[in-house]
Each structure stands twice: as structure tokens, then as C-alpha cells.
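All remarks here apply to the structure that follows.
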Amino acid sequence: MGVIQVDGLAKSYGTVDAVDEMAFTVERGELYGFLGPNGAGKTTTIRVLTGQIQPNSGTVSVLGTDPTAEPIETRHRVGILPEQGSPPSFLTPREFLEFVGDVRGLEPDRVTERTTRWAERLGFESKLDTLHTDLSRGQQQKVMISQAFLHEPDVVFIDEPLANLDPLVQEQVKRFLVSYAAGDNAVFVSTHNIDVAEEICTRVGIVADGRIVTERSLEGDSSAVSGGSADSEPLGDDSLLDVFLERVEGEDVRDAPSLEGLEAPAKR
Ligand SMILES: Nc1ncnc2c1ncn2[C@@H]1O[C@H](COP(=O)(O)OP(=O)(O)OP(=O)(O)O)[C@@H](O)[C@H]1O
Numbered sequence: 019m020g021v022i023q024v025d026g027l028a029k030s031y032g033t034v035d036a037v038d039e040m041a042f043t044v045e046r047g048e049l050y051g052f053l054g055p056n057g058a059g060k061t062t063t064i065r066v067l068t069g070q071i072q073p074n075s076g077t078v079s080v081l082g083t084d085p086t087a088e089p090i091e092t093r094h095r096v097g098i099l100p101e102q103g104s105p106p107s108f109l110t111p112r113e114f115l116e117f118v119g120d121v122r123g124l125e126p127d128r129v130t131e132r133t134t135r136w137a138e139r140l141g142f143e144s145k146l147d148t149l150h151t152d153l154s155r156g157q158q159q160k161v162m163i164s165q166a167f168l169h170e171p172d173v174v175f176i177d178e179p180l181a182n183l184d185p186l187v188q189e190q191v192k193r194f195l196v197s198y199a200a201g202d203n204a205v206f207v208s209t210h211n212i213d214v215a216e217e218i219c220t221r222v223g224i225v226a227d228g229r230i231v232t233e234r235s236l237e238g239d240s241s242a243v244s245g246g247s248a249d250s251e252p253l254g255d256d257s258l259l260d261v262f263l264e265r266v267e268g269e270d271v272r273d274a275p276s277l278e279g280l281e282a283p284a285k286r
């Protein structure tokens with residue numbers, strides 16, 4: 019049984035069908051990449067899986083909990099790095115991480131120890147007592163990454179993990195995500211960055227029009243992974259970008275209208 023299970027999920031906003039017949043399963047040990055163009059339904063799916071919104075229909079299960087019926091229990095057990103999330107402007111990283119640790123049920127000593135460890139790991143020790151409003155976007159992202167992993171959850175949902183990070187920290191975070199998933203956890207990453215997905219994910223689901231249109235295993239040609247609704251094909255000799263462009267109808271940049279006419283005006 020997967021630690022994340024989604025079957026027949028549908029969610030609309032008014033007349034917009036954001037998610038429709040979404041189905042996939044993620045197992046322990048997987049770093050699952052959720053790839054899709056703008057508006058494909060990725061954030062909506064994560065919001066359902068983390069108990070932030072109610073779907074219209076379908077079943078979802080996260081670590082054996084039902085986020086639609088027991089959202090607080092689900093949120094307690096997972097880590098969440100939301101899209102464009104930022105820590106509260108009126109708190110410092112130390113205060114925020116203490117708050118998150120408390121809400122997630124960690125002992126105060128443990129929170130102090132992990133706060134120090136994360137600040138050292140991501141290099142924001144000198145900013146631990148500075149208000150978030152006075153931190154850069156990248157420094158705020160480091161605090162958000164720290165809060166998602168502070169209670170060492172078995173499942174972590176991440177929207178664009180590398181946003182605003184400098185290249186050195188990006189490398190560190192990528193390595194961390196790979197090792198965290200390999201430690202019998204599951205990391206679910208929504209991203210537009212196909213190269214990063216190809217580099218770090220064990221499996222990807224390509225999303226278009228609110229559903230998974232294809233899945234690919236990236237763990238080597240012989241290891242097709244059971245994906246619940248369908249077995250994932252290995253990527254083989256294709257590049258993930260080619261698979262993406264082929265499967266995302268109407269989004270192929272090779273057929274897209276050129277941006278001719280949008281060039282900056284020539285200097286007079
Ligand atoms: N609160 C909302 N009210 C109305 N429509 C919404 C709302 N949130 C999302 N949508 C619509 O639902 C669809 C899916 O949006 P969603 O944010 O899930 O896509 P996404 O794959 O995360 O996109 P992106 O890659 O641009 O972040 C889009 O057409 C979007 O306009």
C-alpha cells in the first residue's frame with residue numbers, strides 16, 4: 019500500500035475543472051516528481067492531499083489518513099513546503115521554528131537542537147533572531163525548507179523546492195531530498211524544472227488538464243515501479259523533456275507561436 023494514494027480525484031472551481039480523474043500512488047523510498055505546465059492542477063492536488071481544500075469527488079489517503087476527513091491529523095504527520103509560502107513577517111526564524119515544532123508535537127529541547135542543525139546546514143545561523151521581513155527571499159525559503167522537515171515526517175510535499183536558492187544551496191537541497199527519500203520516506207515534489215526532476219526523482223508523473231498523462235521510472239531501465247493505476251515505464255533513452263513535450267498536448271514549445279513582435283523596441 020502506498021503512503022500517498024489518489025484515485026478518481028476531481029476538483030473544480032466554479033466552471034473550471036482544475037483536477038479531473040487524477041490517480042497515482044507513491045511508495046516509501048520514492049522521490050516522486052509532479053511535472054506539468056501552468057494551470058495543470060498540481061497545486062490543487064497538493065492542497066487536497068494536505069487537507070487545505072475539499073475535492074468534489076475521489077479518494078485520497080496519506081500515511082493511512084484521509085486528508086478530506088481528518089485534515090489536522092494529516093498535516094500533523096506530513097511536511098509541507100507550499101507554493102510561494104513565506105514565513106510570518108513578524109516572527110524570527112527561531113520563533114517560527116519553535117512554533118512549528120510545538121504544533122508538530124516536538125519536545126522543546128529537540129526543537130532547539132533541530133533549529134540549530136537546520137540553520138547550520140542551510141547557512142542562516144546569523145539570521146536566527148532577525149525578523150523574516152528583513153530576510154532575503156532565499157533566506158526565507160531556507161526557513162520554509164527547515165519547517166517542512168523539522169519534525170522528520172515520513173511524507174513531505176514540496177512545491178518548487180529550489181525557488182530563490184543560490185546554486186550552492188540548490189545542490190545541497192537536492193542531495194538532501196535524495197537521501198531523505200531513500201531513508202524509507204516519501205518526498206513529493208511539484209516543479210517546472212525538468213532537468214532537476216530528471217536528476218533527482220525516482221519517478222515522475224506528467225500532469226496535464228488535471229490528470230496524470232504518463233509516468234516514467236527514472237531508477238534505471240530494469241526497474242519499472244508499480245504506480246497503482248499503471249506501471250511506470252522506464253525512461254530508457256528518451257529525455258524527460260522529450261516525453262514532456264510529446265505528452266503535454268498543445269504545450270509543445272516547438273509548435274508554440276513565436277514571441278516575434280514582443281522584442282524590446284530598438285533604441286532610437
Ligand atoms: N482559487 C481558485 N479559483 C478559481 N480557479 C482556480 C483557483 N485555483 C486554481 N484555479 C484554476 O485551476 C486550474 C489549476 O490550477 P493549479 O494552481 O492547480 O495549477 P498548477 O498546475 O499548480 O499551475 P502552476 O504550474 O501555474 O502553479 C487553473 O486553471 C487555475 O486557474
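Residue numbers are given in my numbering: position 74 of the sequence shown equals residue 92, and the series is strictly consecutive.
Glycine included, each C-beta is placed from N, C-alpha and C at the ideal position.
Could you check if residue i is buried or exposed, using at least 16 other CB atoms within 10 Å of its CB as the buried criterion?
{"i": "D120", "result": "exposed"}
{"i": "F51", "result": "Per the sequence presented here, residue 51 reads as Gly, with Phe not at that position. Classification of G51: buried, given that the 10 Å Cβ count is 16 or more."}
{"i": "D152", "result": "exposed"}
{"i": "Q165", "result": "buried"}
{"i": "S257", "result": "exposed"}
{"i": "L186", "result": "exposed"}
{"i": "A87", "result": "exposed"}
{"i": "E233", "result": "buried"}
{"i": "D239", "result": "Confidence is the limiting factor: at D239 the pLDDT is only 44, short of 50, which leaves the residue's position unreliable, though a coordinate-based value still follows. So D239 ends up on the exposed side."}
{"i": "G59", "result": "buried"}
{"i": "S241", "result": "Residue confidence for S241 is low, a pLDDT of 43 falling below 50, so the modelled location carries little weight and cannot support an answer."}
{"i": "P179", "result": "buried"}
{"i": "S144", "result": "exposed"}
{"i": "S79", "result": "buried"}
{"i": "P126", "result": "exposed"}
{"i": "S250", "result": "buried"}
Would you mind working out which of the options sits nearest residue i, comparing C-alpha positions?
{"i": "L149", "options": "P179, V214, S107, E88", "result": "S107"}
{"i": "P252", "options": "V96, C219, D25", "result": "C219"}
{"i": "H210", "options": "S197, T61, D147", "result": "T61"}
{"i": "G201", "options": "L259, G26, V173, G141", "result": "V173"}
{"i": "V96", "options": "G123, Q102, E237", "result": "G123"}
{"i": "T68", "options": "A58, D84, L53, G59", "result": "D84"}
{"i": "L109", "options": "D255, M162, L168, R135", "result": "M162"}
{"i": "S104", "options": "V80, S250, G156, F167", "result": "G156"}
{"i": "S30", "options": "T130, T63, P100", "result": "T63"}
{"i": "R135", "options": "Q72, L168, S154, P126", "result": "L168"}
{"i": "S197", "options": "E170, T33, Q72", "result": "E170"}
{"i": "Q102", "options": "A181, Q188, I212, A41", "result": "A181"}
Give the straight-line distance between the Cα atoms of residue i and residue j, rounded to the nearest whole angstrom.
{"i": "Q159", "j": "S235", "result": "29 angstroms"}
{"i": "N74", "j": "L263", "result": "30 angstroms"}
{"i": "D177", "j": "E116", "result": "23 angstroms"}
{"i": "R128", "j": "V231", "result": "43 angstroms"}
{"i": "V24", "j": "V118", "result": "27 angstroms"}
{"i": "L195", "j": "K285", "result": "47 angstroms"}
{"i": "S247", "j": "R221", "result": "Unreliable positioning characterises S247 in this predicted model, as indicated by a pLDDT of 39, which lies under 50. A coordinate reading is not provided."}
{"i": "L259", "j": "E217", "result": "12 angstroms"}
{"i": "S208", "j": "L53", "result": "6 angstroms"}
{"i": "V243", "j": "E91", "result": "Caution applies to V243, whose pLDDT of 45 falls short of 50 and renders its modelled position unreliable; the model cannot decide the point."}
{"i": "E113", "j": "Q190", "result": "25 angstroms"}
{"i": "R93", "j": "V261", "result": "33 angstroms"}
{"i": "R193", "j": "A137", "result": "17 angstroms"}
{"i": "G57", "j": "L81", "result": "27 angstroms"}
{"i": "I98", "j": "F175", "result": "5 angstroms"}
{"i": "R132", "j": "L183", "result": "21 angstroms"}
{"i": "G245", "j": "T43", "result": "Any answer about G245 is weak, because its pLDDT of 44 lies below 50 and its placement is not dependable; what the coordinates show is given next. So the alpha carbons of these two residues sit roughly 5 angstroms apart."}
{"i": "Q70", "j": "P89", "result": "7 angstroms"}
{"i": "A27", "j": "F206", "result": "Residue identity check: residue 27 is Leu in the sequence provided, not Ala. Between L27 and F206, the C-alpha separation is close to 17 angstroms."}
{"i": "D255", "j": "L49", "result": "21 angstroms"}
{"i": "E237", "j": "T130", "result": "37 angstroms"}
Since residue i and residue j should fall inside the 8 angstroms C-beta cutoff, what is the C-beta to C-beta distance between them, to a whole number of angstroms?
{"i": "P55", "j": "V214", "result": "Contact doesn't hold; Cβ gap of about 16 angstroms is too wide."}
{"i": "E45", "j": "G20", "result": "5 angstroms"}
{"i": "D35", "j": "G228", "result": "6 angstroms"}
{"i": "L146", "j": "P111", "result": "5 angstroms"}
{"i": "A199", "j": "G47", "result": "6 angstroms"}
{"i": "I22", "j": "A204", "result": "6 angstroms"}
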